[in-house]
Amino acid sequence: MNTSSTRLGARGGIALAAVALFTGCATADAPGPGTGAPAAKPTSASAAPAPLVFAVPAPAGATAQGGTHEAFAYSEKEGDARIDDVKVVDGVARVTGTVWPQKGSSWAGIGFLATPGPAGKTSDLSAHRHVRLQLASPAAAQLRVRVLGDDPATRQSGCYPIATVAVGAGLREVAVPLSAFRPEGYCDARGKPIAAVLPAVAAIEVSDPTLSGTSRRAVDFSVGRITVGP
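Each residue of the sequence shown is one higher than the one before, counting from 1 in the working numbering.
#1: For the beta strand (DSSP E) holding Val197, just list the boundary residues, first then last.
#2: In the structure shown, what three-state DSSP assignment does Ser179 receive?
#3: Do the CB positions of Ala200 and Asp90 come within less than 9 Å of each other?
#4: Would you please state the rounded distance, in angstroms, between the beta carbons of Ala140 and Thr63? I believe it to be under 8 Å.
#5: To the nearest angstrom, report how far apart Val88 and Ala47 are at their CA atoms.
#6: Determine the extent of the beta strand (DSSP E) in which Ser222 is found, giving its start and end residues.
#7: Per DSSP, what are the beta-bridge partners of Val131 in this structure?
#8: With which residues is Asp85 paired in a DSSP beta bridge?
#9: Any idea which residues DSSP pairs Ala163 with across the strands?
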């Protein structure tokens, strides 16, 4: 499936600390003869991963964590979607654009993504259970969230897993279970399950993919802090 896109900002991202589970084991020396002291039983503990700030938008395509973000337009036929503006104020990126399928696109939209490290860097999020995003849109009732890996062919086909979330005009945090992410139905064998993506996440994307027939449609949505955690 061929796509056309217009992008603002450079690809890149922020390096994130890898999250791991640690298991500790404590033992006591065996008691000497006649001491009567019981031997300590081995113990173990697993700590849930602490919440991790994935990205907070900052001006000039940067994030507060030292990474980057970008907005993009995509459409089946070139020119049927465009970015109008991207403004970042107080850690919130507002993306505006226009979708107008004059050339007959059957799919088109406006998106925004943040990456978790410098160019080519991925982050292991497999220990986490939710992604939390600050989202708003006065123009759409739902936005689509996608977790991306670093395979160019899967990105081009749009077959990394997605979840659809309800949003309102006011900015609020939405918690999405990572287990809710699925590839879109058209992907078939090309679709990547979320379990295969989480060990090497290259970006988190938010988009408004809504078409209104052949009518011109204004797109307007905001993305604030993105975190992952239990």
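Glycine residues also receive a C-beta, built at the ideal position from the N, C-alpha and C atoms.
What you are looking at is a predicted structure, and each value in this text was computed from that prediction instead of being measured.
So, from the data block:
#1: Taken as a continuous stretch (DSSP letters only), Val197 belongs to no beta strand (DSSP E), being part of the alpha helix (DSSP H) at 194–197.
#2: DSSP places Ser179 in helix when its eight states are reduced to three.
#3: No; because the gap between Cβ atoms is not below 9 Å, this pair is not in contact.
#4: About 24 Å separates the two Cβ atoms, so there is no contact after all.
#5: 35 Å
#6: 217–229
#7: Val176, Val228
#8: Thr96
#9: Val145
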